[in-house]
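A.B. asks: Residue numbers (numbering that gives the first Met the number 0), protein chains in the order written: chain F, 0 to 129; chain E, 0 to 129.
Once you've had a glance at the structure underneath, I'll fire off some questions.
Number of protein chains: 2
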Amino acid sequence: MRLIEIYKCLCDETRLRILHLLSHRPLCVCHFQAILRAPQVKISKHLAYLRERGLVHTRREGAWIVYALPANPPPELAENMRCLQDCCREQTVFTADLRRMVKALASCSGPLAECCAPAPKRRGRKTAHA
Amino acid sequence: MRLIEIYKCLCDETRLRILHLLSHRPLCVCHFQAILRAPQVKISKHLAYLRERGLVHTRREGAWIVYALPANPPPELAENMRCLQDCCREQTVFTADLRRMVKALASCSGPLAECCAPAPKRRGRKTAHA
DNA sequence: TACGGATATACCTATATAGGTATATATGGT
DNA sequence: ACCATATATACCTATATAGGTATATCCGTA
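This is the structure in structure tokens:
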């Protein structure tokens, strides 16, 4: 993987926040919408940008698409993700995202998709994402 | 220093090569021209971009401007520079630059500016940069 | 003071891309 | 088959920026 391509992925704030979140755990699109408070199309396009360049991959889980970092990233990517995670500890944008992520996942019981379920059956009060 | 600003600096190949070279030693503009084989204006503008964002600083040395990494960089920058230097070892663009740097500096005797000196007095055969 | 060399900058153009609106596609449930 | 939800994409617009040409500035020297 060319180093420059990695940095091109990292040089947008939305993508940086996405990758930072993914360095903690896989997430589906609706989670990103909730955590980053950004419209679906914006999230989706940045995810596509990352996917096309191999920084993330996806698996379908029912109606949801779960995004995750690659299982065996090339060393340049792995090292940069380590660096990113380290640097993010000090910058409030990222710590705030983490807090929102925890909150968003709190309503998840078990597998990821649970908290995205339509829910009318279960609680009948919330919209799709937690 | 905001992380995103650092990545914006890293996401252009010319700037990446410049920073990589600087992670080894300070250099003046004419060195970059020679090593990167790029026109003066291109080098100069990318250096300005980096300077305005605090990734490099300059000192004048006679007619030359010597660019260097900051002496006490903020931790985010220091860590990313470490990461960069590490990753560059494997990518040919950067190793080739290093080779050209060594060659360009070979004709330097002592302080940096020496190899940029007009030289008619000393050897009278080369143009400004080595 | 005039000149040449080193570097910076003003200006222009082309391209990438971020962000939005509207729409398409896929999936599960009725 | 139909609908609602989740996600992706086509299309448009605005902006950033890369790269070039021409020119300005700064410095040392004659």
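For every residue, glycine included, the Cβ atom is placed at its ideal position computed from N, Cα and C.
1. Alpha carbon to alpha carbon, how far is ALA33(F) from GLN39(F)? Give it in angstroms, no decimals.
2. Under 6 Å Cβ to Cβ from GLY123(F), same chain only, skipping five residues before and after it: list those, please.
3. According to DSSP, which residues form a beta bridge with HIS56(E)?
4. Is the shortest distance between the beta-carbon of ALA127(E) and the beta-carbons of chain F less than 8 Å?
5. Could you list which residues in chain F have their beta carbon closer than 7 Å to that of LEU176(E), in chain order?
6. Tell me which residues of the stretch 65-86 of chain E have at least one Cβ-Cβ distance to chain F shorter than 7 Å, keeping chain order.
7. I need the straight-line Cα distance from ASN79(E) to ARG59(F), nearest angstrom please.
8. Buried or exposed: which applies to VAL55(E), given that a residue is buried once 16 or more other Cβ atoms fall within 10 Å of its Cβ?
9. So, is LEU2(F) buried or exposed, given that buried needs 16 or more other C-beta atoms within 10 angstroms?
10. What residue from TYR66(E), CYS82(E) and ASP85(E) has the CA that sits closest to ARG24(E)'s CA?
11. Give, in chain order, every residue of the stretch 6-37 of chain E whose Cβ lies closer than 9 Å to some Cβ of chain F.
12. Does the beta-carbon of GLU51(E) have 16 or more other beta-carbons within 10 angstroms, so that it is buried, or is it exposed?
13. Which one or two residues does DSSP pair with CYS27(E) in a beta bridge?
14. Nearest to LEU20(F) by alpha carbon, out of TYR48(F), ASP96(F), ILE64(F) and VAL28(F)?
15. Is ALA37(E) helix, strand or coil by DSSP?
16. With 16 as the cutoff for other CB atoms within 10 Å, does GLU89(F) come out buried or exposed?
17. For PHE43(F) and THR57(E), what's the separation of their Cα atoms in angstroms?
18. If the cut is a Cβ gap below 9 Å, which residues of chain F does ILE42(E) touch?
19. Using the Cα positions of ILE17(F) and PHE31(F), report the straight-line distance between them to the nearest angstrom.
20. Any beta carbon of chain E sitting closer than 8 Å to that of LEU2(F)?
21. Sort ALA47(F), SER22(F), THR13(F) and LEU26(F) by Cα distance to ARG36(F) and report the nearest one.
22. Taking DSSP as the reference, what is the three-state secondary structure of ASP85(F)?
23. For THR94(F), which residues in the same chain have their Cβ closer than 8 Å to its Cβ, ignoring the five residues on either side in sequence?
24. Could you check what DSSP says for ASP96(E) in three-state terms: helix, strand or coil?
25. Of the residues ALA62(E), PRO73(E) and PRO69(E), which one's Cα is nearest the Cα of MET0(E)?
C.D. replies: The relevant details are as follows:
1. Those two C-alpha atoms are separated by around 9 Å.
2. Residue placement at GLY123(F) is poorly supported in this model, since its pLDDT is 32, which falls under 50; the coordinates still yield a value, given next. Within the same chain, no Cβ atom closer than 6 Å to the Cβ of GLY123(F) is found once the five residues on either side in sequence are excluded.
3. Its beta-bridge partners are ALA67(E).
4. Bear in mind that a pLDDT of 39 at ALA127(E), under 50, signals an unreliable position, so the model cannot answer this.
5. Only positions 0 to 129 of chain E appear in the structure, and residue 176(E) is not among them; the question remains open.
6. Listed in sequence order: GLU75, GLU78, ASN79, CYS82, ASP85 and CYS86.
7. Going from the Cα of ASN79(E) to the Cα of ARG59(F) covers about 34 Å.
8. Classification of VAL55(E): buried, given that the 10 Å Cβ count is 16 or more.
9. Its Cβ being crowded by 16 or more others within 10 Å, LEU2(F) is buried.
10. Of the candidates TYR66(E), CYS82(E) and ASP85(E), TYR66(E) places its Cα closest to the Cα of ARG24(E).
11. Under the 9 Å Cβ criterion, the stretch 6-37 of chain E contributes TYR6, LYS7, CYS8, LEU9, CYS10, ASP11, GLU12 and LEU15.
12. Exposed, because fewer than 16 other Cβ atoms sit within 10 Å of the Cβ of GLU51(E).
13. Among the bridge pairs identified by DSSP, CYS27(E) is matched with VAL65(E).
14. Out of TYR48(F), ASP96(F), ILE64(F) and VAL28(F), ASP96(F) has the C-alpha closest to the C-alpha of LEU20(F).
15. In the displayed model, ALA37(E) falls within coil according to three-state DSSP, outside both helix and strand.
16. Burial call: exposed.
17. According to the sequence as given, residue 43(F) is Ser; it is not Phe. C-alpha separation (whole angstroms): 42 Å.
18. None at all; the shortest Cβ gap to chain F is about 17 Å.
19. Using only the alpha carbons, I get a separation of about 7 Å.
20. So, interface residue.
21. Of the listed residues, the one whose Cα sits closest to ARG36(F) is THR13(F).
22. DSSP, read as helix, strand or coil, puts ASP85(F) in helix.
23. Residues CYS87 and ARG88 of the same chain have their beta carbon placed closer than 8 Å to that of THR94(F), with the five preceding and five following residues left out of the count.
24. Secondary structure of ASP96(E) (DSSP, three-state): helix.
25. Ranking ALA62(E), PRO73(E) and PRO69(E) by Cα distance to MET0(E) puts PRO73(E) first.
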